[in-house]
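Working notes for the structure below.
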């Protein structure tokens, strides 16, 4: 409005600014000296007067021809301008702040904050002014120049100047605080360029004396003590509070500033009694809550170790991707049973049988029984070897196994004689499980071989006393010397004899060695074999962490190079594709992200394929040579006159880049097919090539996603899917690889097809595709997520929906625990229900449902049972909310990777509720007791012992080396106290303070510019007549 009201004044101001700017440019160009400047500047000011803030801005801003650092001639010019009254202290400090190089250290966080907080104003804020690249030396000079003005009494000529100075000083303190915080947070990244920290220290070293001189001047104190300065005092106090924390290396200065803030400023603003009382009450409540949880008294209730406890825990561990961490599971068992190892071992065996029986009863055997049975037969004996301490003899372990088998329901897991009973309808998933489990226990020395039949109670029909324990090292050696044995080893993962653990460890070691030696031909065969058997991936994860399997593969794929520029490139694509197919098999089957498999760098080629390969890009989004590659692939695939796919194309387009173009290629294919540019034969001719088949995974994922969008090309997508999924492939290898591809994409593609079928119910081309996917669906996904039918069943099971279903589940587990006779069928349970309920209804809401059920069951007299059941559900792992594996402290680019955000777990929400127990007690004392009692049981069960207390360290290899030692050897190895590697951080000293500052900061004595932070005398023995530069060396800053 002011501009519109006085356009002539605005025009005069613009003219004056332009005149001064031209004059400044000529001063720089002509290198004018100080006398001439002093002669010219009054004439300039008299002809075109400008306010001090504009003059200071023009002289201290970066010039169009130089934004590196302030011209060395300008500080004397500033001194002359000050003497003539054309600039003042507030204008100098404000211009200096505006163009300081320190802003660049806080700019990223500032921009992000502005984007979130100001929305539409972000575009304006993003246009930051041009700032100096180096400004520390000029800031140091100007700060001391302003100190001289304070000493002379010319810095504060009127009260308004003092208030403006407060604003500017607060801006500087906030800038120093933000910059210090940013450099401290990124200290490891800034080590390579210490200049940034030196600049901060140089500038701050000069600012601290200015700040102290200002706040101790009578003129300044006189102005800010007045009522009109109340807002300024508050702002000054807040800025000082943050700034003082950056002066850890100068306790004397920090103490003086804190005294000014807490005493001088506080004296000007007496505390409001009501606010003080409220603050004291809040502090009392805070202290009460902080110390109240441990001191909170609840009545002791005997809580039983129910059969449902481990049953729930194992069910959760195997609900999706197997989460079998030996240390965590054994620690949980030790914490539950508190030294009653026999009870823990018996319940572990029973829970393993119960979980398998539950899968059969829930009609989930086709999907789950294989991994559950392998866990029981191949994994549990190894866990028992670690669970039993060296003091336990084979007789003790035999007793536990015999006792557990006597409690197993023979109607579900029949003995050998019952399997021949024609009146029974035997289940193939539970037949012979008793004998197979005993065989594995005998193999590992948990029972004596000659006692197997006595434990079973009859003559075994399948037990082979001659079965030998396999050695991982020998398996590795045999397979590396004879690659044909690799396929046999993969097939043997289906066995139920106790040797599968050694086989899995051998396979992972073979993968690691083949990756190290880059034997990609054999590695491709192994990866292809594993990808063809999705259930083999489940078995591998019973014994190995997913990062152990995939990290070597991902590193190999990320560093993939053409070793022989003269060789053929199609085999290279085949090898890359076969290895990549296994990575895709893990990722798609378990719904993993790059951090889940140990990839932290966004530049990883594998990470880009996993996150972007299924997303099509338009031509204008392709960069670099991608357009040329795109045209080459399309012509090579569909232009019969071009001669097909040649080595020239594949030599210029590495497979990593090809996979990122697959979705775009198929997008173009859909368009071309829709408008008749290519026909069925052209498409069919190259899809069947084995080396391209793995790339169909992201391609079909793209087609599946595109099918959800109503468009003209939907029918074309159906035709393309027919040509892909229903071909007559010439080679058995291509057919096997296509089957692997179907396993990966069956579930999402089926969802898309059924959704499209509702749009076009008369389309007869959809059913053949659904039939082609039918056999792949049961093994397509194992993510722990509930399917649509389950969700519908739970939501409609009661009037309260999912909350009612969770209550009903708890009630079933309590009743089963109360009446768990020998032939009691395990309560129907799947941890998918609780995981889905937490994601949909919220973790806090589900915890409240569980607490309500504890109250209800306690009133019914089942408190000792329900606490154990609910605690087990809270302690159970959640495969959909599992934190990624611990990454190294730095990624490949040398920066700290950002923490992965994930929802709160039930345990975390329960802990938060327990910490507010005092507040909760005032509202509902009974609920407060329930929360605290449940929290204490959960935390007791989840405590991880010290590494030396574990019977087996994280990286301690299982006793799978063969030989006759059995349980005794395993116990001896366990007793040796082998510990997993820990991240050694205790000895690392990260100096995030200011202890190693340069002498320029002046927080210690020793140099002419040093400041004695403990000195009580006048900091600056300044002569008011000293020149800006000739008196510089005469400044006494020693504090003596």
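In the numbering used here, the protein residues as written are 8 to 1047.
Using N, Cα and C, we set each Cβ at its ideal position, and we do this for glycine too.
Computed from a predicted model, the values in this text were never measured in an experiment.
Secondary structure of residue 307 (DSSP, three-state): coil. By the criterion of at least three beta-carbon pairs nearer than 8 Å, the stretch 715 to 725 is not in contact with the stretch 502 to 519. The C-beta distance from residue 549 to residue 329 rounds to 5 Å, short enough to fall under 8 Å. Per DSSP, reduced to three states, the secondary structure at residue 794 is coil, with no helix or strand assignment. Annotation note: the stretch 371 to 432 contains the following uninterrupted alpha helix (DSSP H) runs of length 4 or greater, listed N- to C-terminal: 372 to 381, 387 to 394, 401 to 414.
Closest in C-alpha terms to residue 579, from the list 635, 481, 519, 659, comes 659. Rounded to whole angstroms, the Cβ separation of residue 594 and residue 561 is 10 Å, and the two are not in contact under 8 Å. Here the alpha carbons of residue 852 and residue 735 stand approximately 53 Å from one another.
Taken through DSSP and simplified to helix, strand or coil, residue 70 comes out as strand. Here the alpha carbons of residue 226 and residue 54 stand approximately 34 Å from one another. For residue 938, the enclosing alpha helix (DSSP H) has its first and last residue at 932 to 949. Closest in alpha carbon position to residue 635, among 349, 801, 672, is 672.
For residue 765, the enclosing alpha helix (DSSP H) stretches over residues 739 to 766. Taking each of 393, 528, 552, 599 in turn and checking the Cα distance to residue 348, the smallest one comes out for 393. The three-state secondary structure of residue 680, taken from DSSP, is helix. Of 706, 711, 723, the smallest CA-CA separation from residue 684 is found for 723. Boundaries of the alpha helix (DSSP H) around residue 348: 348 to 368.
Setting aside the 5 residues that flank it on each side, residue 825 is surrounded in the same chain by 869, 872, each with a C-beta closer than 8 Å to its C-beta; the list follows chain order.
For a cut-off of 8 Å, the C-beta gap from residue 840 to residue 813 is around 7 Å, short enough to register as a contact. Contact check for residue 884 against residue 338 fails: the beta carbons are separated by 8 Å or more. In the assembly as shown, residue 628 is an exposed residue. Its beta-carbon has fewer than 16 other beta-carbons within 10 Å. By the neighbour-count definition (other C-beta atoms within 10 Å, threshold 16), residue 476 is a buried residue. Pairing residue 874 with residue 941 gives a Cβ-Cβ distance under 8 Å. In the structure shown, residue 882 falls within a helical segment according to DSSP collapsed to helix, strand and coil.
Taking C-alpha positions only, residue 76 is separated from residue 32 by approximately 15 Å. Within the stretch 623 to 677, the runs of alpha helix (DSSP H) at least 4 residues long that lie entirely inside it are, in chain order, 633 to 645, 654 to 659.
Linking residue 835 to residue 368 through their CA atoms gives a straight-line distance of about 8 Å. By the C-beta density criterion, residue 806 is exposed, having fewer than 16 other C-beta atoms within 10 angstroms. Rounded to the nearest whole angstrom, the C-alpha separation of residue 689 and residue 645 is 5 Å. Here residue 307 is not near residue 390, since their CB atoms are 8 Å or more apart.
Taking a cut-off of 8 Å for Cβ pairs, the stretch 224 to 240 and the stretch 267 to 275 touch, as three or more such pairs fall below it. Runs of the alpha helix (DSSP H) lying entirely within the stretch 52 to 113 and spanning at least 4 residues, in chain order: 59 to 67, 81 to 91, 96 to 105. Bounds of the alpha helix (DSSP H) holding residue 722 are 721 to 732. Rounded to the nearest angstrom, the gap between the Cα atoms of residue 340 and residue 937 is 23 Å.
For residue 73, same chain residues with a beta-carbon under 8 Å away, outside a window of 5 residues either side, are 35 in chain order. When rounded, the separation of the alpha-carbon atoms in residue 543 and residue 626 is 40 Å.
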